[in-house]
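The block underneath contains the structure these notes are about, expressed in C-alpha cells.
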C-alpha cells in the first residue's frame, strides 16, 4: 500500500512495569505469584461513576451493558489497598525517580507538581473501578523528528486469570506510560520507534523484563478513516504487521461504505422474533436458544461476509459488538447454510422477514434479554458501516489482526484522585537525577574497550545478563569468555535440555573467576555448568564452594608435563596421518587430545603443545 497517499498517521503508547521494591500506592512487594498460592478470594460488581459534569464515559457505559460478577484472588503479599478497602499510601518515591530518569533521558520537561488522577476502568482489572495515573513530564525528542508527548506514572492492572476472574498480585505494580505524537507514517517507523523507546527503558536497568512486563498500544488512522487504538501488542516484531492489518481493515471498510451507498443500503430497525422457524433445527446452537431474533440489513448482501483482515469479516465486527451483551456470536445469511442450518431454513427465514436478494439477515440466539441487546448492537454496528470506520478501542489477536473492545474513551473518563497528595518536582530534585548510559552507546564501548565484535557486543549490552557480564569483566575475566559463556554456552545447554536457569548468576560469576584463575579450563565451562544445574537445590552452599565441588568432580587438573606426554603419545599413534597432512593435522588431532583430557586444560595450551610436537616430527 502507498501509506503516504492513504495519509497514514500513527502514534504509540508504551506501558512498562518498573522494577521497584514496592508497589505504587502501598508497601506491598512487586512479586508475581502462582494462583495456587492464593490465600482467599472475594467478589465485586463494578459500575461507572459520573464525571464532575454528571456524565458517564461512553467506554464505561459500553462495559455496563452486561452485569458481571468479578472474582479476585488475594495473597499474603497484597494488602487492603489492592482490595480497595483502605486509602492509598503516598506515591512510591522510587517509582517516581525512575520515571524522572526516563524523562530526562528523553529530553523532557518535568511537571512542577505531580497530581494523581482516577481513570475510569470497569472491565474488572481494577477492584476500585478506576486506575490511578499521574502526569510526570511533557514534550520529549525521538529520532527522525518524532516526539514524545507525555510520560505518566500509573498503577498496573490486575492480571486476568480467565473470564471474570483476576489475580491481585500484579495490581498496583508501578507502570510508566510513554505516549508519542502521531508522527509515524509507515508500519516500519512505528516498530522502529517502539524499539528505540524500549532500548531507552532497558538502559535504566530499573524496568522489569519478560513477557507481559511491557505492552504497546498503537493509535492508527488514515485520511478518510478514523483513529483506532489497538491495545496489548506485547511482541515488538508484530507491531508493523498490526499497523499494516489495521490500514487494510480501514481501506476495506471504506470500500464497503462506498458500495453500501451506491446500493442505497439501510438498516431495518424492526427486530423480528424467528424462534418458531427453527423449532426443528439441527443446529445445536439454535436448538438450545430460548429466543432467536432476526435483523434485516437492506442492501448488505455479500458485504457482511467480505474479508476486511486475514480471518476477519464485517460480520466479525458485528459479532464483536453483539458479544458485549453476553451472546456467543451471530449467524448471517452471507455464511448460511452452515453450522447445522439448512438451505430450506435460510429460505424460510428470508421470506419471513421480507428480505430481498440484495439484503442480508442476521440472527442472534440467547435468552430474550440478551438476544434483544445483541440485535440492537448489530444494528448499531451496521449503521456505522454506512459511514465508514468507527472510532474505537480494539484488542490484538494472534498474528496481528484485531477485534473490537469498546468505544474510545472521552473526557468523562478522568477525574481527580482526592486521596493522594501532589508531589513537588523542584529544580534541585530534577538536577539530581543521573542519566544512565544508553545500551547502544554501551555496545559501542564494548567494541572499543573489550575488542568484542559488533554483533556480540550488542547482544551482551541488550541481554538480561549484562550485570553479570560487567561484574565478571570487573573481576578480571576475559570479556570474550564472559560474553560467550553467558550468551552462546548457556543458550546451547538450554537447547540440549540442561536446566541452566537453575544456576545462579553468582555461581556463573564464581565459575568464570575460577577459569580465569586457572583452576579450570574454559573448555570445561559447559560440563561445569551442566554439573551445577544438575546439583542445584541438593544442599546449601556458597557459589564458590559449589563451583569448587563441580571442578573436583571433573577430576584433577592435568599438569603441563601430562599434556606434553598425552600429545606425544597421540601423535605417535597417528604418525602416518601426521606425516601425510603435515601441519594440517593440527585441527583433527586437537579434537582427539581435548576429548581425552575432557576440558581440564585450556585449549590454547594444548594447541601450542601439539604445534611443537608436529614441528618436531616433521623436521
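In the UniProt record's numbering, the protein residues as written are 1 to 619. No residue lacks a Cβ here, since even glycine has one placed at the ideal position from N, Cα and C.
A Cβ-Cβ contact shorter than 7 Å links residue 161 with residue 35.
Pairing residue 43 with residue 71 gives a Cβ-Cβ distance under 7 Å. Judged by DSSP secondary structure, residue 200 falls within the alpha helix (DSSP H) whose first and last residues are 187 to 203.
Around the beta carbon of residue 359, 16 or more other beta carbons lie within 10 angstroms, which makes this residue buried. At least 7 Å separates the beta-carbon of residue 235 from that of residue 217. By the Cβ test, the region 352 to 372 is not in contact with the region 387 to 400, since fewer than three Cβ pairs between them sit closer than 8 Å. Taking residue 46 as the centre and dropping the five residues before and after it, the same chain places the C-beta of 122, 129 closer than 6 Å to its C-beta, in chain order.
Within the same chain, and ignoring the five residues on either side of residue 355 in sequence, the residues whose Cβ sits closer than 7 Å to its Cβ are 296, 361. Residue 529 is a Cβ neighbour of residue 503, given a cutoff of 7 Å.
DSSP links residue 332 through a beta bridge to 362. Out of 499, 345, 244, the CA that lies nearest to the CA of residue 287 is found in 345.
Residue burial is scored here from C-beta neighbours: residue 210 has fewer than 16 other C-beta atoms within 10 angstroms and is therefore classed as exposed. Within the same chain, and ignoring the five residues on either side of residue 434 in sequence, the residues whose Cβ sits closer than 8 Å to its Cβ are 101.
Going by beta carbons, residue 393 and residue 408 fall inside the 7 Å limit. Residue environment analysis places residue 23 among the buried positions, since at least 16 neighbouring C-beta atoms fall within 10 angstroms of its C-beta.
Cβ neighbours of residue 156 within its own chain (closer than 7 Å, five residues either side excluded): 17, 170, 171, 172, 173, 175. Here residue 308 carries a strand assignment [DSSP, helix/strand/coil]. The C-alpha of residue 341 is placed about 10 Å away from the C-alpha of residue 333. For residue 131, the enclosing beta strand (DSSP E) begins and ends at 130 to 141. The three-state secondary structure of residue 221, taken from DSSP, is strand. CA-CA distance, residue 277 to residue 351, rounds to 11 Å. Taking residue 131 as the centre and dropping the five residues before and after it, the same chain places the C-beta of 119, 121, 154, 155, 157 closer than 7 Å to its C-beta, in chain order. Around the Cβ of residue 257, a 10 Å sphere holds 16 or more other Cβ atoms; the residue is buried. If you check the CB distance, residue 377 and residue 321 come in under 7 Å. Where residue 99 is concerned, the enclosing alpha helix (DSSP H) starts and stops at 93 to 105. Rounded to whole angstroms, the separation of the alpha carbons of residue 181 and residue 423 is 26 Å. CA-to-CA, the gap between residue 512 and residue 542 works out to about 15 Å.
Around the beta carbon of residue 201, 16 or more other beta carbons sit within 10 angstroms, so the residue counts as buried. Cβ neighbours of residue 143 within its own chain (closer than 7 Å, five residues either side excluded): 196. Check the Cα spacing between residue 191 and each of 146, 204, 152, 151: the tightest is with 146. Here the alpha carbons of residue 95 and residue 553 stand approximately 46 Å from one another. Distance from the CA of residue 259 to the CA of residue 308, rounded to the nearest whole angstrom, comes to 14 Å.
For the pair residue 438 and residue 446, the CB atoms are not nearer than the 7 Å cut-off.
Using a Cβ-Cβ distance cut-off of 8 Å, the region 458 to 474 and the region 493 to 502 are not in contact, since fewer than three pairs of beta carbons, one from each stretch, lie closer than that value.
Between the C-alpha atoms of residue 60 and residue 413 there is a straight-line separation of about 8 Å.
According to the DSSP secondary-structure assignment, residue 119 is paired through a beta bridge with 131, 414.
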